[in-house]
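Residue numbers (the working numbering), protein chains in the order written: chain A, 0 to 296; chain B, 397 to 701; chain C, 2 to 430. Structure first, commentary second.
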Amino acid sequence: MSAGEFSGALPARASAGRSREASFDTGVSRYFVLALLIVGAVLTLFPFVLAAINAIKSPQDYGANGPVALPRSFDLTALVTFWNEVRFGEKLWNSFLISGCVAFFGVTISLFNAYAIGIGRVRGRGLVLIAYLFGIMVPQEALVYPIYYLAKTVGLYDTKTSVIVVFSVLQGAFGTYLLSAVLTAFPREIVDSAHIDGASRWQVLWHIVIPMLRPTLSVLAVFFFIWTWNEFLLPLVLLISNDNQNVSIALGSLHGQYTSAPTTSAAAALLGIIPTVIFFLVFQRTLMRGVTVGAIK
Amino acid sequence: MASSSERSAGGASAAGYYVYLIPGAIGFIAIVLVPFVMNTAASFTRWNGIARPRFIGFENYIRLFNDGTFWEAIEHALASVIAMSIIPLLIGLVLAAVLFDYISSRFGPRASSILRAAYYLPQILPVAVAGILWGWILNPIGVLDALFDMIGLHWLALNWIGDPTLALVSLMGVMVWLQVGYALVVFMSGLARVDPALYEAAEIDGAGWFTRFLNITVPMLKPEIFVVGLTTTIAALKVFAPVFVLTGGGPGTATTVPSYLAYYHFFTTNRVGYGAAISSIQLLVTVALGLLFLRVQTRQTEEAQ
Amino acid sequence: MIASQVNRRRALALTAAVFAGALGLSGAARAADDNVFKIWWYETPESSQATAWNKALDTFKAKHPDVKIEFEQKSWDQIEKAGALMLNSGDVPDILEYNKGNAFAGLVASQGLLTDLTGEATKRGWDKLLSPSELALSRYDDRGIFGSGPIWGIPNYGEFVTVYYNKDMFAANGLQVPTTYDEFKKVMDAFVAKGITPIAEAAGDYPVVHLMGELELSQVNQQWVQDYQGLKKPFDGKPFLYAAQQMKEWMDKGYITKDVTGLKAPDMAQLFESQKSPMVITGTWYVGEFVKKNQFKWGQFLFPGNTISQASTGNLWVVPKDSKHKDWAAEFIDITMSKDNQAILGNAGAVPVAADPAAITDPVAQMMIQGFNTLKDRDGLGFYPDWPTAGYYEVLLHSSQSLLSGQMTPDQFVEALRKPYDDAQAGAN
Chain A
0 MSAGEFSGAL PARASAGRSR EASFDTGVSR YFVLALLIVG AVLTLFPFVL
50 AAINAIKSPQ DYGANGPVAL PRSFDLTALV TFWNEVRFGE KLWNSFLISG
100 CVAFFGVTIS LFNAYAIGIG RVRGRGLVLI AYLFGIMVPQ EALVYPIYYL
150 AKTVGLYDTK TSVIVVFSVL QGAFGTYLLS AVLTAFPREI VDSAHIDGAS
200 RWQVLWHIVI PMLRPTLSVL AVFFFIWTWN EFLLPLVLLI SNDNQNVSIA
250 LGSLHGQYTS APTTSAAAAL LGIIPTVIFF LVFQRTLMRG VTVGAIK
Chain B
397 MASSSERSAG GASAAGYYVY LIPGAIGFIA IVLVPFVMNT AASFTRWNGI
447 ARPRFIGFEN YIRLFNDGTF WEAIEHALAS VIAMSIIPLL IGLVLAAVLF
497 DYISSRFGPR ASSILRAAYY LPQILPVAVA GILWGWILNP IGVLDALFDM
547 IGLHWLALNW IGDPTLALVS LMGVMVWLQV GYALVVFMSG LARVDPALYE
597 AAEIDGAGWF TRFLNITVPM LKPEIFVVGL TTTIAALKVF APVFVLTGGG
647 PGTATTVPSY LAYYHFFTTN RVGYGAAISS IQLLVTVALG LLFLRVQTRQ
697 TEEAQ
Chain C
2 MIASQVNRRR ALALTAAVFA GALGLSGAAR AADDNVFKIW WYETPESSQA
52 TAWNKALDTF KAKHPDVKIE FEQKSWDQIE KAGALMLNSG DVPDILEYNK
102 GNAFAGLVAS QGLLTDLTGE ATKRGWDKLL SPSELALSRY DDRGIFGSGP
152 IWGIPNYGEF VTVYYNKDMF AANGLQVPTT YDEFKKVMDA FVAKGITPIA
202 EAAGDYPVVH LMGELELSQV NQQWVQDYQG LKKPFDGKPF LYAAQQMKEW
252 MDKGYITKDV TGLKAPDMAQ LFESQKSPMV ITGTWYVGEF VKKNQFKWGQ
302 FLFPGNTISQ ASTGNLWVVP KDSKHKDWAA EFIDITMSKD NQAILGNAGA
352 VPVAADPAAI TDPVAQMMIQ GFNTLKDRDG LGFYPDWPTA GYYEVLLHSS
402 QSLLSGQMTP DQFVEALRKP YDDAQAGAN
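Below, the structure is given as structure tokens:
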């Protein structure tokens, strides 16, 4: 079990790809499939296109021609005003901080739990798993009032810490469940041989499990980041001061009791998702450098 | 596979792993267990959220049992399971296999990566904004109907959001749009575990794509399939945001779901006790379904061993 | 492998340090409260209220140059969902804008979370600037029901529901502004005959409730309104039956489109702004948008045939119980009620409650103020049909949707409205 085997896996895949292509090129049909998938992707992205074309319209243009028409104007003033008024930059930073922390702590909690359950095979792990599953099942609205009162009691009301703790736990419940399933299927021989070599539980986790689990951990981190980024209800209740609020709350300020500014919403939203898109794309690369468990022959 | 009571060789006893459970346990108790108990307690009271709660026994539950809207909500929750769990799971599975096994080898991993990002993007969009955008598409003066009119399919230019029956269908469509990306990404990350040599060997033996799909992809992704299946089912039973922004539970109560009803009573009517009761029952249903699911899963994994 | 491990560890440590540092910073001490005036509101930054209130803050700053003003822009969602929780948390501003009505101001007033402003109101003469009917929404009794009791909040603008119309389209079709309900129907018939849907309407959210409200208010008097809003008597279905029947007739005759249930308020506004429909029935909150977007001559007329329309005073300035600077809060309210600030408010497009009519120069503002004053003078402030009990808005909305999509008859509509109202009525008496 060494680095050599891992890096060995990569070239093997690349050459496998080439040899497959050489032998089994089916010509036209692959383009058909690709075209189908591209059409599917375009349809999936269509709402984003709508958002984009309306983000740049002037209010008069939208009023006169509607949301479906192509823009006949280029007007970013509403967006700029919105950015300054709600101090969007600050909200972006808060969202980034909160989501980043939750991604980190959530993955950590999930990993520790799953390690104990899947590899450690602790007694009572079925119960532990069910408990965390329970954590996923509880509807958020049911938690709002209790968590509000608890946060108030410990003096964490209106702090980013409260939101980070809450979501690290809630996302961690999901992560525990996902990682337990994967770690239960983890090849025992590797762990056993490491123990024979004298490795401690921590060393096994850090040097063996984590590297092999990297694609899954990356997926988890991405999910947690994005899910936390868009969370609305609990942050709305727990974060009062403006310098603590996040992007999804800021987007809510566009929506008054009776009116909403759809074009500004669309524009603001596009701005709001850029960090998450970047985060996703960055971690996609890690996913692509996947490590195959099957490299152990 | 190792039996459940085995201790790893080399003296790393199972007991020592308990340490790793501590951080999660603390968090769980503070954020899930205690609030859950508080919520259950609240369900037996009449409470507006700030004043002192007043104990009223099972009154909330009796009222709930007789509340027609609640039963409709349960029905719609089951419809959500189809739209947010079953369909996206199937689509995600096929899509993942195609992107991984077919596109990746013929057009390069870049192409498959880009397509995956495209299908995943709906998960990134804030739901409030997705609601506005889908409103623009689905409302009677929106894109979809304009398109149908343009290509002459006038009979399809319907009131997709405003008609009670169609509203549920449209909502389910949006749910599929939202969830496919999640299933896709989980499955593709799981496939990164799979040794491509397996696929090569199968292709050399003459197995077509679908055969490879059934005999390699699906069995190898068993853990992910169970996870996606269970988590999407739970998410479907808990669904709130798409309903809230798209239809507001309407028209009438045509798309009301349990979370929406609970939210309504928690924050609009300020009948927190009643809302707590709704959440409790919702939780019960979810737990029941979850346990069923788990049983099937454990039996399947045991059989495989 | 070793090198990348070290790098990874370094990266992790660095990231952890950044996060920890940022968290530490974010929790850092806030400025001492002694010389800080904290104020919150949630009208959007481009709104007329925000314009006037920002000017009021300037006036306040001039009077107290050494006071640090901490303004926070809130959102409607936050006040609606977490307002009571915020006031209950102890972490409160010195003054804030709050929603009027039993479910909001009434609720927190009855929980003891607000400062009683009756004394200040008398001292500073606010109770002279506002008529008794305008003060109705400032008073809440110990059950949290409006109309009587101490003064808990001060409004400084008004709002009402009216019919906006496209003057160009009216002129092009040779039509006059209707003054009776029958004339109104004739005007709508004329548009239908030309293939134009006369009323831009939406039943996907609140506008349909306002339509229902206007129709229902055409059948009642002020005493009925007081009884209805105060939960004094069991539900009287007659006006609502009329409203339901009229709404069905409107749809059958093509006054509103068959697919209104699929449209929301922004869609409705857009239909009016794009001149697809010559009229829209909605409230003063849309004036700002219409001024910006309408590229045609437009005006407003009160719902023909009604003495009473949906109208009320606007959101309230409230002073939390734990406000650290109640004197400054009162002073700020005074500034917003001053003739100068009220004139700014009026000219910016909102309906002021205490402005000098001569100081209002903007023609649109004059038009809107005239509408509100007409209602006020004939005792025609009818409030809103969803106010009697919390959550009633959803009942009205969903029932209207079911009515217009054919799932409920007008009689069933009335029954759907009756039960929640009677439940609340019994509970309050």
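No residue lacks a Cβ here, since even glycine has one placed at the ideal position from N, Cα and C.
If you reduce the DSSP assignment to three classes, tell me which class MET409/C lands in.
coil
Below-8 Å beta-carbon distance, VAL85/A vs any chain C residue:
yes
Quick one, which of GLY383/C, LYS64/C and TRP329/C has its alpha-carbon nearest GLU121/C's?
TRP329/C
Neighbour-count burial assignment, SER28/A, 16 or more Cβ in a 10 Å radius
exposed
Are the beta-carbon atoms of GLU202/C and LEU216/C separated by less than 8 Å?
no
Where GLY16/A falls: helix, strand or coil (DSSP)
Unreliable placement is indicated for GLY16/A, whose pLDDT of 42 sits below 50; no coordinate value is reported for it.
Going by the DSSP bridge assignment, what does PRO156/C pair with across the sheet?
LEU317/C
Would DSSP call VAL37/C helix, strand or coil?
strand
For a contact defined as C-beta to C-beta under 7 Å, what are the partners of THR665/B on chain C?
ALA391 and GLY392
Can you check which of these residues, TYR413/B, ALA658/B, LEU417/B and GLY412/B, is closest to ALA141/A by C-alpha distance?
ALA658/B
Report yes if the CB atom of SER313/C is closer than 8 Å to the CB atom of GLU160/C, and no otherwise.
yes
With a CB to CB cut of under 7 Å and the five nearest residues on each side skipped, what residues in its chain are close to ALA475/B?
LEU564 and MET568
With 9 Å as the limit, tell me which residues of the segment 568–600 of chain B have their beta carbon closer than that to any beta carbon of chain A; keep them in chain order.
TRP573, VAL576, GLY577, TYR578, VAL581, VAL582, MET584, SER585, GLY586, LEU587, ALA588, ARG589, VAL590, ASP591, PRO592, ALA593, LEU594, TYR595, GLU596, GLU599 and ILE600
Within the 8 Å Cβ cut-off, does TYR156/A reach chain B?
no
Pick helix, strand or coil for GLU202/C, following the three-state DSSP scheme.
coil
Using a Cβ-Cβ cut-off of less than 7 Å, list which residues of the segment 70–83 of chain C approach chain A; keep chain order.
GLU73, GLN74, SER76, TRP77, ASP78, GLN79, LYS82 and ALA83
For ARG442/B, write down the residues that DSSP places opposite it in a beta bridge.
ARG450/B
Nearest CA to the CA of GLU84/A: which residue from ALA57/C, VAL68/C and THR45/C?
THR45/C
Taking only beta-carbon atoms, is PHE73/A less than 8 Å away from chain B?
no
Pair within 8 Å by beta-carbon distance, ILE200/C and SER275/C
no
Contact list for the segment 86–117 of chain C against chain A, Cβ threshold 7 Å
LEU86, MET87, SER90 and ASP92
For a test of the three-state rule: what should DSSP assign to GLN426/C, helix, strand or coil?
helix
The alpha helix (DSSP H) spanning TRP532/B covers which residue range?
523–534
Under the three-state DSSP convention, the category GLN74/C falls into:
strand
How would you list, in chain order, the residues of chain B whose beta-carbon sits under 8 Å from the beta-carbon of ALA429/C?
Neighbours of ALA429/C on chain B: none; closest Cβ ~14 Å, over 8 Å.
LEU580/B: which of SER481/B, ALA673/B and ALA473/B sits nearest, CA to CA?
SER481/B
Cutting at 7 Å between CB atoms, please list the residues of its own chain near ASP423/C, excluding the five before and the five after it.
PRO235 and PHE236
When the Cα atoms are used, what is the spatial distance from VAL288/C to VAL209/C?
19 Å
Cβ contact check for the segment 660–673 of chain B and the segment 583–597 of chain B: 3 or more pairs under 8 Å
no
Pull up the CB-CB distance for GLY586/B and LEU617/B, whole angstroms please, since I reckon it's below 8 Å.
5 Å
Please state the DSSP three-state secondary structure of GLY214/C.
helix
In chain C, what lies closer than 8 Å to TRP556/B by C-beta?
GLY263
Return helix, strand or coil for ASN167/C, following the three-state DSSP convention.
strand
Does the Cβ-Cβ distance between GLY174/A and GLY423/B come in under 8 Å?
no
Report the rounded CA-to-CA distance for GLY558/B versus PRO536/B, giving the unit in angstroms.
8 Å
What residues in its chain sit with their C-beta under 6 Å from that of THR629/B, if we drop five residues either side in the sequence?
VAL477 and SER481
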